[in-house]
Amino acid sequence: MENHTDIAIVGGGLNGPILGLALASAGFSVTILDALPVEAQAQPDFDGRSYAIALGSQNLLRAVELWDGLAADAQPINDIVVADGRAGLGASPHHVHFDHREMEEGPFGAMIEDRHLRAALIAAVADNPRITMRAPARVVAQETGAQGAVLTLQDGEELRCKLIVGCDGRRSGTAQRAGIRRMETDYGQTSLVCALEHDLPHDGIAHQMFFAEGPLAILPLRGNRVSIVWTESRDRAEAIQAMGDAEYLAALAPRFGDFLGEIRLTGARYAYPLGLSLAEHWTARRVVLVGDAAHGIHPLAGQGLNLGLRDVAALAEVLADSKRRGEDWTRGPVLQRYAQWRRFDTAGLALATDGLNRLFSNDNPLLRGLRDLGLGAVNAAGPVRRTFMREAAGLGGDLPRLMRGRPL
Ligand SMILES: Cc1cc2nc3c(=O)[nH]c(=O)nc-3n(C[C@H](O)[C@H](O)[C@H](O)COP(=O)(O)OP(=O)(O)OC[C@H]3O[C@@H](n4cnc5c(N)ncnc54)[C@H](O)[C@@H]3O)c2cc1C
1 MENHTDIAIV
11 GGGLNGPILG
21 LALASAGFSV
31 TILDALPVEA
41 QAQPDFDGRS
51 YAIALGSQNL
61 LRAVELWDGL
71 AADAQPINDI
81 VVADGRAGLG
91 ASPHHVHFDH
101 REMEEGPFGA
111 MIEDRHLRAA
121 LIAAVADNPR
131 ITMRAPARVV
141 AQETGAQGAV
151 LTLQDGEELR
161 CKLIVGCDGR
171 RSGTAQRAGI
181 RRMETDYGQT
191 SLVCALEHDL
201 PHDGIAHQMF
211 FAEGPLAILP
221 LRGNRVSIVW
231 TESRDRAEAI
241 QAMGDAEYLA
251 ALAPRFGDFL
261 GEIRLTGARY
271 AYPLGLSLAE
281 HWTARRVVLV
291 GDAAHGIHPL
301 AGQGLNLGLR
311 DVAALAEVLA
321 DSKRRGEDWT
331 RGPVLQRYAQ
341 WRRFDTAGLA
351 LATDGLNRLF
361 SNDNPLLRGL
371 RDLGLGAVNA
381 AGPVRRTFMR
391 EAAGLGGDLP
401 RLMRGRPL
């Protein structure tokens, strides 16, 4: 058991490497392990998603020196328009328009394509002398004790560390091996994701339209391009995904409308089945969960990664402060500080996205009336609208230092 590192991060997706960079900046030695080879994640078509990175998350990415390299590929989100939609009829006249000019911080955040974010992460991790990246390296067992923790890889190799962080996604093996159970709900919906080119400018406006089968998000990318997250019932999504490109666009047209002129597919089409997956506990002896390993939520508000990044910033702060005070930063009460800090925000967002999906994903005329009333009321009430805007920008609540643009 030669290998030794302060912190082993299981999962080198998105949250894992960003946490690694933050912890390395606080002087911890970090090993990141991922089951997939780095070359697979480096493929530009590895993942079709684009992320709405809120202002708070941008502050974190700036602090770990990633943002400057990403800014040229980022599309600012100037406005957000939320509407109840009807296929063929377009958006209802009752909608909410969140206008960034009402917020002194400027645009809500920016859209970043997965391929750009992942490439930046791979390069930054490779350049950092305090981080060792091990991939492919699948973790199959973990043991924790008073003296430390040991991870076993699929090839039998063992890695010793002081703390294990599970960043291994919504099916987290780290959580399972620690005996942490999950609360899971299948939404019976699938999100179809792709990028589209269009003729008319999008002006940096993100649209969220709610249909009975599920929401459609139209998210601005650099140039005359948008990323869509088109949610349908699972059966219908599978049927649409099996169509040829022309049929796919024809199925999308009644929902998308023609406000951006003619649309064309650019790149591959992806499908993501949706569910809610919440870990019952976030910590166990020498184990802590971050990102989707702790909470996988509905993507309708584009907040899953932002929520994970708030975990990253909070855990880095708790561990760095504890280390500075000379404490044993692996102790239960230290890890609990992180869990307690993050629970309220997570429960709130999981409930809100779950509730919105239930309220909007149906054609009940009574609920439709209520929704339209609600949207109209929020649009008319400036203070309520501004509260929503600060939340969407990731600036609400008890934010960790890195999210407020302050050093760790
Ligand atoms: C359609 C869709 C659109 C979305 N849009 C947005 C958005 O606009 N904004 C936003 O904030 N969020 C968005 N999200 C949410 C966001 O994509 C997720 O929250 C985020 O990708 C989670 O990252 P993660 O690093 O926690 O987990 P993952 O990306 O799932 O990474 C987990 C990693 O762990 C590795 N792993 C698993 N098991 C092992 C093991 N045993 N050993 C070693 N490695 C292992 C895997 O290989 C993987 O690389 C969206 C989600 C969906 C489905």
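Residue 119 in full-length UniProt numbering is what sits at position 119 of the sequence shown, and the numbering runs on without skipping anything. Here a beta-carbon is modelled for each residue, glycine too, at the ideal position from N, C-alpha and C. Treat the numbers as computed from the prediction; the structure is a model and nothing was measured.
Does the beta-carbon of residue i, which I'm using as the reference point, lie nearer than 7 Å to any heavy atom of ligand 1?
i, result
"Arg255", "no"
"Leu289", "no"
"Arg138", "yes"
"Val125", "no"
"Cys194", "no"
"Gly396", "no"
"Gln142", "no"
"Cys161", "no"
"Gly214", "no"
"Ser361", "no"
"Arg236", "no"
"Arg49", "yes"
"Gly16", "yes"
"Leu66", "no"
"Pro299", "yes"
"Tyr187", "no"
"Gly56", "no"
Please state the DSSP three-state secondary structure of residue i.
i, result
"Glu184", "strand"
"Ser57", "helix"
"Leu200", "coil"
"Gln176", "helix"
"Glu317", "helix"
"His116", "helix"
"Pro273", "strand"
"Gln147", "coil"
"Leu399", "coil"
"Ser29", "coil"
"Asp127", "helix"
"Phe388", "helix"
"Gly326", "coil"
"Leu300", "helix"
"Arg170", "coil"
"residue 426", "Beyond the ends of the chain as shown, which are 1 and 408, falls residue 426; an answer cannot be given."
Assuming residue i is part of the beta strand (DSSP E), what are its boundary residues?
i, result
"Gln208", "205–211"
"Gln75", "75–77"
"Pro220", "214–221"
"Ile7", "4–10"
"Arg225", "225–233"
"Leu289", "287–289"
"Arg49", "Taken as a continuous stretch (DSSP letters only), Arg49 belongs to no beta strand (DSSP E), as it is neither H nor E."
"Ile164", "158–166"
Following the continuous alpha helix (DSSP H) through residue i, name the residue where it begins and the one where it ends.
i, result
"Trp341", "332–360"
"Pro17", "15–25"
"Val38", "38–42"
"Leu70", "67–70"
"Leu249", "245–256"
Tell me the rounded alpha-carbon separation between residue i and residue j.
i, j, result
"Gly376", "Gly85", "14 Å"
"Ala119", "Ala350", "29 Å"
"Ala294", "Gln303", "14 Å"
"Ile112", "Thr266", "16 Å"
"Ala380", "Ile77", "22 Å"
"Asp79", "Asn128", "36 Å"
"Glu39", "Leu117", "15 Å"
"Leu216", "Gln189", "12 Å"
"Asp203", "Ala71", "17 Å"
"Gln43", "Ala35", "16 Å"
"Gly27", "Phe259", "51 Å"
"Glu391", "Leu276", "21 Å"
"Asp6", "Phe256", "49 Å"
"Leu408", "Arg401", "6 Å"
"Phe210", "His100", "22 Å"
"Pro383", "His207", "21 Å"
"Ala8", "Asn59", "25 Å"
Between residue i and the rest of its own chain, which residues show a CB-CB distance below 6 Å, the 5 nearest in sequence each way excluded?
i, result
"Leu121", "Pro17"
"Met1", "No answer about Met1 holds up, because its pLDDT of 45 lies below 50 and its placement is not dependable."
"Arg371", "Asp84"
"Trp282", "Leu289, Ala294, Ala339"
"Leu319", "Trp329"
"Trp341", "Ala314"
"Asp345", "Gly397"
Sorted by chain position, which residues of the same chain lie with C-beta nearer than 7 Å to residue i's C-beta, five sequence neighbours on each side aside?
i, result
"Arg181", "Glu280"
"Ile205", "Asn78, Asp79, Val81, Pro220"
"Arg406", "none"
Keeping to the same chain, check which residues put their C-beta closer than 8 Å to that of residue i; ignore five residues upstream and five downstream.
i, result
"Gly169", "Gly11, Gly13, Gly291, Asp292, Ala293, Gly296"
"Leu399", "Gly56, Arg310, Ala313"
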